[in-house]
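**Q** What follows is a single structure, and I will ask about it in a moment.
2 protein chains.
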Amino acid sequence: MRIEKVLIVDPIKGEFTGDVIIENERIKEVIPVDYEKYEQILMPGFVDYHTHSLKGIDTMHAKKEDFEKWANMNFEYGVTSFFPTTVSASKTQILSVIKNLENVGESIDGLHLEGPFINEEKKGAQNPAYIRNPTIEELEEITPEMVKLISMAPERQNFKEALNYLKTKKVRVSIGHSSAGYEIYKDAFKNGVDRITHFPNALSAFHHREIGGTGSALLFDFKVEIIADGIHSVPEFIELTYKIKGADKIILITDSMEAAGLEDGQYELGGLPVTVKEGVARLKSGSIAGSTLLFDKGVRNFKKFTNCTLQDLAKVSSYNAAVDCGIKDIGRIENGYYANIVLLDKDLNVLKTIFKGKEVYNK
Amino acid sequence: MRIEKVLIVDPIKGEFTGDVIIENERIKEVIPVDYEKYEQILMPGFVDYHTHSLKGIDTMHAKKEDFEKWANMNFEYGVTSFFPTTVSASKTQILSVIKNLENVGESIDGLHLEGPFINEEKKGAQNPAYIRNPTIEELEEITPEMVKLISMAPERQNFKEALNYLKTKKVRVSIGHSSAGYEIYKDAFKNGVDRITHFPNALSAFHHREIGGTGSALLFDFKVEIIADGIHSVPEFIELTYKIKGADKIILITDSMEAAGLEDGQYELGGLPVTVKEGVARLKSGSIAGSTLLFDKGVRNFKKFTNCTLQDLAKVSSYNAAVDCGIKDIGRIENGYYANIVLLDKDLNVLKTIFKGKEVYNK
Numbered sequence: 001m002r003i004e005k006v007l008i009v010d011p012i013k014g015e016f017t018g019d020v021i022i023e024n025e026r027i028k029e030v031i032p033v034d035y036e037k038y039e040q041i042l043m044p045g046f047v048d049y050h051t052h053s054l055k056g057i058d059t060m061h062a063k064k065e066d067f068e069k070w071a072n073m074n075f076e077y078g079v080t081s082f083f084p085t086t087v088s089a090s091k092t093q094i095l096s097v098i099k100n101l102e103n104v105g106e107s108i109d110g111l112h113l114e115g116p117f118i119n120e121e122k123k124g125a126q127n128p129a130y131i132r133n134p135t136i137e138e139l140e141e142i143t144p145e146m147v148k149l150i151s152m153a154p155e156r157q158n159f160k161e162a163l164n165y166l167k168t169k170k171v172r173v174s175i176g177h178s179s180a181g182y183e184i185y186k187d188a189f190k191n192g193v194d195r196i197t198h199f200p201n202a203l204s205a206f207h208h209r210e211i212g213g214t215g216s217a218l219l220f221d222f223k224v225e226i227i228a229d230g231i232h233s234v235p236e237f238i239e240l241t242y243k244i245k246g247a248d249k250i251i252l253i254t255d256s257m258e259a260a261g262l263e264d265g266q267y268e269l270g271g272l273p274v275t276v277k278e279g280v281a282r283l284k285s286g287s288i289a290g291s292t293l294l295f296d297k298g299v300r301n302f303k304k305f306t307n308c309t310l311q312d313l314a315k316v317s318s319y320n321a322a323v324d325c326g327i328k329d330i331g332r333i334e335n336g337y338y339a340n341i342v343l344l345d346k347d348l349n350v351l352k353t354i355f356k357g358k359e360v361y362n363k
Numbered sequence: 001m002r003i004e005k006v007l008i009v010d011p012i013k014g015e016f017t018g019d020v021i022i023e024n025e026r027i028k029e030v031i032p033v034d035y036e037k038y039e040q041i042l043m044p045g046f047v048d049y050h051t052h053s054l055k056g057i058d059t060m061h062a063k064k065e066d067f068e069k070w071a072n073m074n075f076e077y078g079v080t081s082f083f084p085t086t087v088s089a090s091k092t093q094i095l096s097v098i099k100n101l102e103n104v105g106e107s108i109d110g111l112h113l114e115g116p117f118i119n120e121e122k123k124g125a126q127n128p129a130y131i132r133n134p135t136i137e138e139l140e141e142i143t144p145e146m147v148k149l150i151s152m153a154p155e156r157q158n159f160k161e162a163l164n165y166l167k168t169k170k171v172r173v174s175i176g177h178s179s180a181g182y183e184i185y186k187d188a189f190k191n192g193v194d195r196i197t198h199f200p201n202a203l204s205a206f207h208h209r210e211i212g213g214t215g216s217a218l219l220f221d222f223k224v225e226i227i228a229d230g231i232h233s234v235p236e237f238i239e240l241t242y243k244i245k246g247a248d249k250i251i252l253i254t255d256s257m258e259a260a261g262l263e264d265g266q267y268e269l270g271g272l273p274v275t276v277k278e279g280v281a282r283l284k285s286g287s288i289a290g291s292t293l294l295f296d297k298g299v300r301n302f303k304k305f306t307n308c309t310l311q312d313l314a315k316v317s318s319y320n321a322a323v324d325c326g327i328k329d330i331g332r333i334e335n336g337y338y339a340n341i342v343l344l345d346k347d348l349n350v351l352k353t354i355f356k357g358k359e360v361y362n363k
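For the record, the sequence lines run as chains C and L.
Numbering-wise (full-length UniProt numbering), the first sequence opens with residue 1 and increments by one.
Numbering-wise (full-length UniProt numbering), the second sequence opens with residue 1 and increments by one.
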């Protein structure tokens, strides 16, 4: 397959016109050609490592065939890699998710456990009944190789032991749903924790006499997940985060719940009822309960909110996430990488998606 | 006068060893010499454009001789330029301060009016009885040439008219004691306002769904006054501000009240009783009421909090303030500038102060 006369956007080499030759599953050759005009933009397929659900299919209940369906539906939004993401649940429920995900393959690169080792004070839409301290025994059971990422609160008892254990298993630890303040962040960062879950939601606030999780995430060299829906944080918050952090430290996610891609109405998240109105998902308490964001919309929003370059957009929408979680051979338009590619028009609408060299979506 | 074998710190040219020749009131020549060792650091004399009082002498009540005494006492702390600063008061009181300051000269470069055109909701230690909207009529009376700077809330009625009028008179406008949020800051910045008073105190808070005055000051290219006492904001807040803004956008101030340089006890600020305990000044309500910070201590703190270079320290402690308010020929160690100089030991303690070529303090 040869894709011709496109604007190629690589997170490392930048933006240039040219052709791309694909052979079998991989990019065989990227050929810069000085075209005067182009109609399409070619970027690495999007990577979403924090997504709970899509169109009614939910990580907590999905069977093998549901996960496969989800992976196929995701191509419409340009997503060629994702981690289904759990919420706080019993060990039995988590093990059941793990079992259902076995041998799914497709564009699912792993599993993200969001909770249950978080802080009740910052539970957001997580069910407090399942929130608990980590133990090495439980971690041994619930972190087989498919688990690549776990969002935890560093103030939980046994956090350090858990962290050390998870390092040996190469599971990435991300701070999320936490009341911790400056001192705990400082300590966690010193111990190698450098990633924040859906910044700045469910973190302690920024104040000038305690900079909190929000300020500490900005002060230290943390990477931060961002939900660019304009609801979880306003556009100018994202603009400021981009200004401070730069493109290398931002990872776009959807944090999508089951109403993503569906109409307003009644849904659930982790066993809790959720009302979606005008695309905003809330618990009865008013807490925001995940998003209904679709990844490509988040990409367009981020561009609009920050006025970033396309190269930076490629970093935040694919490359950074993959490198951060040690997922190899994706996230670049470069010889030898998997041919996971999204073709977009100049307004960044998805026209075509290619997954491992095969066209899997065509508008 | 020739000062020899010192480390010269100029905000523009940086740090180098050498000698400085002073003739009459000015620096005649800066001579770089490659000395292997030095014992003293030579910096531009400190500039404090937000200080209410020192050792019981208060801007609101001081007579001509009090202001002169204040200027002389300030040399001990390395301060060779300052603006006495008012608080919200009646027009009569403000006019009386202006009258008492006439022909004082010395190291007093002008007057800073903090209030009365501020927001009651963010009054801090200002007396609400005197807070009001600006009018051109009042501004005409209370801004003779000596008034160089006025701290105002941009959400006040007539703010834009006042701003336009003050621009014609070359009075700098600084946002302070304000409840305004993102939209008002955006608008103010577009209209040429680019300075913030004692950031982030008495501004609206930073939140991810309204970034407030605190977030807007960081997002837009505002210069910010900082009280580096570790009380008005914690060291890590100042570290983060330095990381985001850089040295070019920070202006150190003391915001000192009359207990500065004195013991703990009972004092007042703008007619309100203030208790100073362990160096922290508070109203009955618990609100912080100015600082007891001495400028040289703030300089040492800023260095400690941020680990900045001495060049950056020279920017934040003199040069930026002077340039910002259009005060000429001070803030640099450079041929032709006024010989306003502070000599420090390696721990940044003041050893000697020179004002317009004359030694005015010697430890």
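Glycine included, each C-beta is placed from N, C-alpha and C at the ideal position.
It should be emphasised that the depicted structure is a prediction, and the values quoted were computed from it without experimental measurement.
Can you tell which of His198(C), Glu121(C), Pro134(C) has its C-alpha closest to the C-alpha of lysine 91(C)?
**A** Pro134(C)
**Q** For glycine 18(L), write down the residues that DSSP places opposite it in a beta bridge.
**A** Within the DSSP bridge table, the entry for glycine 18(L) names Val6(L), Pro32(L) as partners.
**Q** Is valine 20(L) close to chain C? Criterion is C-beta to C-beta, closer than 9 Å.
**A** no
**Q** Determine the chain L residues that contact leucine 219(C) at a beta-carbon separation under 8 Å, and present them in chain order.
**A** Glu236, Glu239, Leu240, Lys243
**Q** Just mark aspartate 345(C) as buried or exposed, buried being the case when its beta carbon has 16 or more other beta carbons within 10 Å.
**A** exposed
**Q** Is it true that the segment 283 to 291 of chain C meets the segment 303 to 321 of chain C, where meeting means three or more beta-carbon pairs spaced less than 8 Å apart?
**A** They do not touch, by the three-pair rule.
**Q** With DSSP as the reference, label methionine 60(C) as helix, strand or coil.
**A** coil
**Q** For glutamine 126(L), count neighbouring Cβ atoms within 10 angstroms of its own Cβ and tell me buried if that reaches 16, exposed if not.
**A** buried
**Q** Counting contacts by CB-CB distance shorter than 9 Å, is alanine 205(L) in contact with chain C?
**A** yes
**Q** I'd like to check one pair, glycine 110(C) with valine 147(C): are the Cβ atoms closer than 9 Å?
**A** yes
**Q** Please give the ranges of any alpha helix (DSSP H) in the segment 112 to 184 of chain C, keeping only runs that are unbroken, at least 4 residues long and fully inside the region.
**A** 136 to 142, 159 to 168
**Q** Starting from threonine 80(C), trace the beta strand (DSSP E) in both directions and tell me its first and last residue.
**A** 79 to 86
**Q** Does the contact criterion of 3 or more C-beta pairs under 8 Å hold for the segment 30 to 50 of chain L versus the segment 330 to 348 of chain L?
**A** yes
**Q** Short check: CB of isoleucine 184(L) to CB of alanine 217(L), under 9 Å?
**A** no
**Q** Any chance the segment 328 to 336 of chain C sits against the segment 63 to 74 of chain C, with 3 or more Cβ pairs inside 8 Å?
**A** Here the segment 328 to 336 of chain C makes no contact with the segment 63 to 74 of chain C; the two share fewer than three CB pairs at distances below 8 Å.
**Q** Examine chain L for any beta-carbon lying closer than 9 Å to the beta-carbon of glycine 246(C), and answer yes or no.
**A** no
**Q** Please check if any C-beta of chain L sits within less than 9 Å of the C-beta of glutamate 210(C).
**A** Interface residue, yes.
**Q** Using a beta-carbon distance below 9 Å, is serine 151(C) in contact with chain L?
**A** no
**Q** Could you pull out every residue in the same chain whose Cβ sits closer than 6 Å to the Cβ of residue 386(C), ignoring the five residues on either side in sequence?
**A** Look at the range of chain C in this structure, 1 to 363, and you will see that residue 386(C) is not part of it.
**Q** Could you give the C-beta distance for histidine 52(C) and threonine 85(C), rounded to a whole number, given that I count them as a contact under 8 Å?
**A** Correct: roughly 5 Å between the Cβ atoms.
**Q** Taking valine 20(L) as the reference, which of Leu348(L), Tyr338(L), Asp347(L), Val360(L) has the closest Cα?
**A** Out of Leu348(L), Tyr338(L), Asp347(L), Val360(L), the CA that lies nearest to the CA of valine 20(L) is found in Tyr338(L).
**Q** Mind reading off the beta-carbon distance from isoleucine 238(C) to phenylalanine 302(C)? Whole number of angstroms is fine, and I expect it under 8 Å.
**A** 7 Å
**Q** Work out the CA separation of serine 256(C) and glycine 56(C) for me, nearest whole Å.
**A** 11 Å
**Q** Count the other CB atoms within 10 Å of the CB of glycine 18(L); is the residue buried (16 or more) or exposed (fewer)?
**A** buried
**Q** Step through the CB atoms of chain C and report whether any lies within less than 9 Å of the CB of histidine 232(L).
**A** yes
**Q** Do you know whose CA, among Lys5(L), Met1(L), Ile12(L), lies nearest glutamine 311(L)'s CA?
**A** Ile12(L)
**Q** Here's the rule: buried if 16 or more other CB atoms are within 10 angstroms of the residue's CB, otherwise exposed. What is glycine 14(L)?
**A** exposed
**Q** Return the CA-CA distance between glycine 124(C) and histidine 177(C), expressed in angstroms with no decimal places.
**A** 7 Å
**Q** Specify the secondary structure class of serine 90(L) as computed by DSSP and reduced to three states.
**A** coil
**Q** Which residues does DSSP list as the beta-bridge partners of phenylalanine 355(L)?
**A** Lys358(L)
**Q** Using a cut-off of 8 Å between C-beta atoms, extract the partners of proline 200(C) located in chain L.
**A** His208
**Q** Taking the beta strand (DSSP E) that proline 44(C) belongs to, which residues open and close that run?
**A** 40 to 44
**Q** Could you list which residues in chain C have their beta carbon closer than 9 Å to that of glycine 215(L), in chain order?
**A** Phe206, Glu236, Phe237, Leu240
**Q** Put valine 234(L) into one of helix, strand or coil per three-state DSSP.
**A** coil
**Q** Pull out every residue of the segment 159 to 182 of chain C whose Cβ sits closer than 8 Å to any Cβ of chain L, in chain order.
**A** Tyr182
**Q** Below 8 Å, how does it come out for the segment 261 to 268 of chain L and the segment 322 to 329 of chain L: are there three or more Cβ pairs, yes or no?
**A** Between the segment 261 to 268 of chain L and the segment 322 to 329 of chain L there are fewer than three C-beta pairs closer than 8 Å, too few to call the two in contact.
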